[in-house]
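If you read the sequences in order, they're chains A and B.
Going by the UniProt record's numbering, the first sequence opens with residue 1, and the numbers climb by one from there.
Going by the UniProt record's numbering, the second sequence opens with residue 1, and the numbers climb by one from there.
Glycine included, every Cβ here is placed at the ideal spot set by N, Cα and C.
As the structure is a prediction and not an experimental result, all values here were calculated from the model.
Number of protein chains: 2
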Amino acid sequence: MRQITIYDIAKEAKVSVATVSRVLNGTAPVKASTRAKIEALIQKYQFQPNAMARSLLSKETGIIGVIVPDLTNPFFPEVFAGAEQEAQESGHTFLLCNTMGSYAKESEYLNIMQEKRVDGIVFIGGRINLKDCEPELVQEVVEHANKIPLVLVNGNLKNTELTRVVTDEYTGTLLAMRHLIELGHTQIGFIGGESHMTTTSIKLRAFRKALRDEGIPVREEWILPDSFSVDSGRQMMQKLLDMKEQPTAVCCVNDFTAIGAIKTAVENGLKVPDDISIVGFDDIPLAHHVIPELTTVSQQANELGRMAIKVLRQMMNKGKTKKLTALEPQLVVRQSTARL
Amino acid sequence: MRQITIYDIAKEAKVSVATVSRVLNGTAPVKASTRAKIEALIQKYQFQPNAMARSLLSKETGIIGVIVPDLTNPFFPEVFAGAEQEAQESGHTFLLCNTMGSYAKESEYLNIMQEKRVDGIVFIGGRINLKDCEPELVQEVVEHANKIPLVLVNGNLKNTELTRVVTDEYTGTLLAMRHLIELGHTQIGFIGGESHMTTTSIKLRAFRKALRDEGIPVREEWILPDSFSVDSGRQMMQKLLDMKEQPTAVCCVNDFTAIGAIKTAVENGLKVPDDISIVGFDDIPLAHHVIPELTTVSQQANELGRMAIKVLRQMMNKGKTKKLTALEPQLVVRQSTARL
DNA sequence: TTGAAAGCGCTAACAC
DNA sequence: GTGTTAGCGCTTTCAA
Numbered sequence: 001m002r003q004i005t006i007y008d009i010a011k012e013a014k015v016s017v018a019t020v021s022r023v024l025n026g027t028a029p030v031k032a033s034t035r036a037k038i039e040a041l042i043q044k045y046q047f048q049p050n051a052m053a054r055s056l057l058s059k060e061t062g063i064i065g066v067i068v069p070d071l072t073n074p075f076f077p078e079v080f081a082g083a084e085q086e087a088q089e090s091g092h093t094f095l096l097c098n099t100m101g102s103y104a105k106e107s108e109y110l111n112i113m114q115e116k117r118v119d120g121i122v123f124i125g126g127r128i129n130l131k132d133c134e135p136e137l138v139q140e141v142v143e144h145a146n147k148i149p150l151v152l153v154n155g156n157l158k159n160t161e162l163t164r165v166v167t168d169e170y171t172g173t174l175l176a177m178r179h180l181i182e183l184g185h186t187q188i189g190f191i192g193g194e195s196h197m198t199t200t201s202i203k204l205r206a207f208r209k210a211l212r213d214e215g216i217p218v219r220e221e222w223i224l225p226d227s228f229s230v231d232s233g234r235q236m237m238q239k240l241l242d243m244k245e246q247p248t249a250v251c252c253v254n255d256f257t258a259i260g261a262i263k264t265a266v267e268n269g270l271k272v273p274d275d276i277s278i279v280g281f282d283d284i285p286l287a288h289h290v291i292p293e294l295t296t297v298s299q300q301a302n303e304l305g306r307m308a309i310k311v312l313r314q315m316m317n318k319g320k321t322k323k324l325t326a327l328e329p330q331l332v333v334r335q336s337t338a339r340l
Numbered sequence: 001m002r003q004i005t006i007y008d009i010a011k012e013a014k015v016s017v018a019t020v021s022r023v024l025n026g027t028a029p030v031k032a033s034t035r036a037k038i039e040a041l042i043q044k045y046q047f048q049p050n051a052m053a054r055s056l057l058s059k060e061t062g063i064i065g066v067i068v069p070d071l072t073n074p075f076f077p078e079v080f081a082g083a084e085q086e087a088q089e090s091g092h093t094f095l096l097c098n099t100m101g102s103y104a105k106e107s108e109y110l111n112i113m114q115e116k117r118v119d120g121i122v123f124i125g126g127r128i129n130l131k132d133c134e135p136e137l138v139q140e141v142v143e144h145a146n147k148i149p150l151v152l153v154n155g156n157l158k159n160t161e162l163t164r165v166v167t168d169e170y171t172g173t174l175l176a177m178r179h180l181i182e183l184g185h186t187q188i189g190f191i192g193g194e195s196h197m198t199t200t201s202i203k204l205r206a207f208r209k210a211l212r213d214e215g216i217p218v219r220e221e222w223i224l225p226d227s228f229s230v231d232s233g234r235q236m237m238q239k240l241l242d243m244k245e246q247p248t249a250v251c252c253v254n255d256f257t258a259i260g261a262i263k264t265a266v267e268n269g270l271k272v273p274d275d276i277s278i279v280g281f282d283d284i285p286l287a288h289h290v291i292p293e294l295t296t297v298s299q300q301a302n303e304l305g306r307m308a309i310k311v312l313r314q315m316m317n318k319g320k321t322k323k324l325t326a327l328e329p330q331l332v333v334r335q336s337t338a339r340l
């Protein structure tokens with residue numbers, strides 16, 4: 001069924017398309033009677049102007065592209081929700097692309113966004129978290145950023161000047177570690193994350209720093225990166241528990257691994273937090289519904305999303321934009337940590 | 001910075017735009033030397049053809065609009081992921097719209113999708129779950145469906161012939177209830193959901209039916225709809241526990257409420273499943289990471305998403321489409337239920 | 001207050 | 001093999 005156009009309306013109203021366009025956009029005065037006639041027709045046919053034809057002229061699509069690594073991790077929907085709230089204001093809507101960690105897909109989606117002429121791009125996860133990203137992958141992003149406003153969320157690309165919005169994960173981890181240390185823990189392990197990713201290495205740096213500050217020796221064998229999943233948390237915790245000497249507290253790379261770690265600890269007959277303290281990172285919604293409720297570091301995911309859009313909007317309006325916006329993470333003490 | 005066009009390429013290559021278009025689309029043979037020249041230019045400028053101009057002709061945008069009520073409930077990202085996987089094949093990408101339960105937003109997004117001429121619409125949640133949806137809201141959806149292929153996921157709109165993909169929630173609940181009854185439970189409560197929504201009433205119908213089939217009287221005071229959140233599960237469970245007589249098992253409207261119910265039960269000193277059995281519905285990823293692991297009914301969220309796209313694709317290709325596709329839910333027995 | 005016409009970037013006849 | 005040209009549906013001068 002053919003969609004009706006401004007011509008159909010114009011014809012039936014016996015006016016020119018220009019006039020119809022005028023009542024559609026309120027861009028110039030139209031005699032009340034003609035306006036009424038046209039509006040009636042619009043109503044009658046439920047006419048909606050073709051946004052593409054419009055965008056072709058205006059060079060604006062009203063679409064923001066979002067690249068996320070895995071929507072199944074609740075952290076990302078939170079960020080997205082924040083972005084959506086903020087975008088209400090400017091009437092933007094979202095092309096959401098899930099890469100499932102594939103760099104090839106990131107490229108593919110980047111190209112699609114470029115073709116569709118999205119007004120801006122939010123890039124989270126994937127290659128921008130690599131400690132050592134291949135130059136071509138970096139270059140690709142830079143080239144897109146030259147054409148379309150683009151903001152990196154919680155990531156970075158070396159030797160580039162890309163605009164970024166991040167939570168200060170270093171400080172966040174410090175917060176978590178100091179909390180543990182204040183509770184009397186000195187035997188602390190680290191679980192999860194992938195060592196080739198910056199999130200992980202930043203957190204590990206803070207982990208070591210916190211220990212060193214207190215003159216506590218770092219036990220390398222208790223540092224067990226692996227991945228970001230619940231299962232990873234379970235496996236690494238099991239590894240820890242199979243050792244002769246075990247830590248009394250564990251700092252996890254995110255809430256998923258923390259939930260896994262708790263589960264395995266409990267299965268091994270330990271009580272959390274009495275026998276072992278566990279902290280997560282992110283503060284996903286379920287963190288305070290889990291048993292025991294998770295002590296964690298809030299990334300303010302929602303705020304992160306909002307901020308990304310705010311920054312993007314500045315860029316779209318050609319306003320000057322800070323290259324780096326950092327949000328302060330917050331320690332959220334709940335039930336999974338206790339005094340030694 | 002002006003985006004470059006097919007004209008720029010044509011000019012510099014000293015050929016017509018038609019030729020450039022031909023190499024872009026491989027739609028007709030082009031002499032190897034000219035082709036090479038053009039391709040070099042495309043490479044040089046990283047030229048990407050404007051998809052809108054293209055769509056204006058082709059009447060296809062390659063975009064599928066998805067309306068979801070709340071991306072923060074992990075069930076929906078799962079559905080979305082399934083849809084995305086399936087859409088790979090046809091190269092579709094997604095305009096994702098989160099309504100946060102607002103019918104006004106649904107209308108708004110529906111209009112935006114219409115304006116943007118998306119190739120198809122997937123509608124989940126919101127008004128399509130209402131037992132009694134206002135005629136205007138129904139009509140609106142029907143009108144959009146007349147112009148754009150549209151599929152309803154896990155919902156329905158009375159007196160319409162809209163295409164639907166659903167999981168059989170009635171059978172699913174029957175499965176859960178029979179499981180409880182086989183374990184010897186006869187004192188069973190129901191928690192969560194909103195009574196004006198079909199999901200809830202379908203499940204309640206099955207709940208009653210299962211009891212009746214076994215000649216077990218229904219205790220109306222143990223039926224506590226409220227909402228779909230974890231907190232709702234907590235509150236309703238507390239209500240149940242505050243009663244003089246308490247059920248030995250609880251059937252929850254979804255996994256969120258089940259997780260809440262477990263939490264409150266545990267806080268009240270009960271052991272799950274020893275003192276009280278609890279079943280959820282949905283089988284969100286966290287269901288088997290929670291302690292105790294949740295016995296629940298799998299909706300096959302991923303498959304649901306895939307199926308929605310498959311059906312949508314049929315509609316887009318004007319193939320004949322079944323009006324109703326039902327997926328069979330599956331009982332997943334884990335640790336939150338036990339013999340009485 | 002209204003209309004004619006050019007043009008946004010691309011594709012697809014139709015010629016040559 | 002390649003170029004010319006007419007749209008796709010809309011906005012926006014410029015005239016009237």
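- Taking the Cβ atoms as the reference, Val272/A lies roughly 6 angstroms from Pro292/A, within the contact range of under 8 angstroms.
- The shortest C-alpha to C-alpha distance from Lys44/B to any of His288/B, Arg234/B, Asp8/B is the one to Asp8/B.
- The beta carbon of Gln299/A does not come within 8 angstroms of any beta carbon belonging to chain B, so the residue lies off that interface.
- With contacts defined as CB atoms closer than 8 angstroms, Val165/B and Thr325/B qualify as a contacting pair.
- Closer than 8 angstroms to the CB of Met52/B there is at least one CB belonging to chain A.
- Listed by position along chain A, the residues whose Cβ is nearer than 7 angstroms to that of Pro285/B are Thr72.
- Under the DSSP assignment, Arg164/B falls in the beta strand (DSSP E) whose first and last residues are 163-167.
- The three-state secondary structure of Ala104/B, taken from DSSP, is helix.
- Listed in chain order, the positions of the stretch 263-296 of chain A with a beta carbon within less than 8 angstroms of a beta carbon of chain B are Lys263, Val266, Pro285, Leu286, His289, Val290, Ile291.
- In the displayed model, Gly125/A falls within coil according to three-state DSSP, outside both helix and strand.
- If you draw a 10 Å sphere on the C-beta of Gln114/A, you find 16 or more other C-beta atoms in it, and that means buried.
- Taken through DSSP and simplified to helix, strand or coil, Ile148/B comes out as coil.
- Apart from the 5 residues on each side of it in sequence, Leu331/A sits with its Cβ closer than 7 angstroms to the Cβ of Leu175, Ala176, His179, Val297 in its chain, given in chain order.
- Shown here, Phe190/A sits in a strand according to DSSP, grouped into three states.
- Of Ala265/B, Gly65/B, Lys239/B, Thr61/B, the smallest CA-CA separation from Glu84/B is found for Gly65/B.
- For Gly65/A, the secondary structure class from DSSP, reduced to helix, strand or coil, is strand.
- In this structure Val333/B is exposed. Its beta-carbon is surrounded by fewer than 16 other beta-carbon atoms within 10 angstroms.
- Taking the beta carbon of Phe94/A as reference, the chain B residues within 8 angstroms of it are Leu95, Leu96, Cys97, listed in sequence order.
- The C-alpha of Asn25/A is placed about 39 angstroms away from the C-alpha of Glu78/B.
- Each residue's CA atom was taken as its position, placing Glu328/B and Thr5/B some 50 angstroms apart.
- Residue contact check for Phe80/B against chain A: a CB pair falls below 8 angstroms.
- Where Val332/A is concerned, there is no enclosing alpha helix (DSSP H), although the beta strand (DSSP E) around it starts and stops at 330-332.
- Rounded to whole angstroms, the Cβ separation of Gly233/B and Ala206/B is 19 angstroms, and the two are not in contact under 8 angstroms.
- Closest in alpha carbon position to Gln88/A, among Gly91/B, Asn98/B, Ala87/B, Gly155/B, is Asn98/B.
- Annotation: Cβ neighbours of Gln46/B in chain A (cutoff 7 angstroms, chain order): Glu143.
- A residue is called buried once 16 or more other Cβ atoms fall within 10 Å of its Cβ, and His144/A is buried on that count.
- By the neighbour-count criterion, in which 16 or more other beta carbons inside 10 Å mark a residue as buried, Asp283/B falls on the buried side.
- Under the Cβ criterion of 8 angstroms, Arg127/A is not counted among the residues facing chain B.
- The C-beta of Asp132/A has fewer than 16 other C-beta atoms within 10 Å across all chains shown, which makes the residue exposed.
- CA-CA distance, Glu12/B to Leu41/B, rounds to 8 angstroms.
- Contact between Ile63/A and Thr93/B is absent: CB atoms are separated by about 11 angstroms, not below the 8 angstroms threshold.
- DSSP places Leu183/B in the coil class of the three-state scheme, outside both helix and strand.
- Between Met237/B and Ile309/B, the CB-CB gap reaches or exceeds 8 angstroms.
- Per DSSP, the unbroken beta strand (DSSP E) holding Val250/B starts and ends at 249-252.
- Taking C-alpha positions only, Met307/A is separated from Ile276/B by approximately 45 angstroms.
- Looking at the backbone, the Cα of Glu267/A and that of Val122/A are separated by about 40 angstroms.
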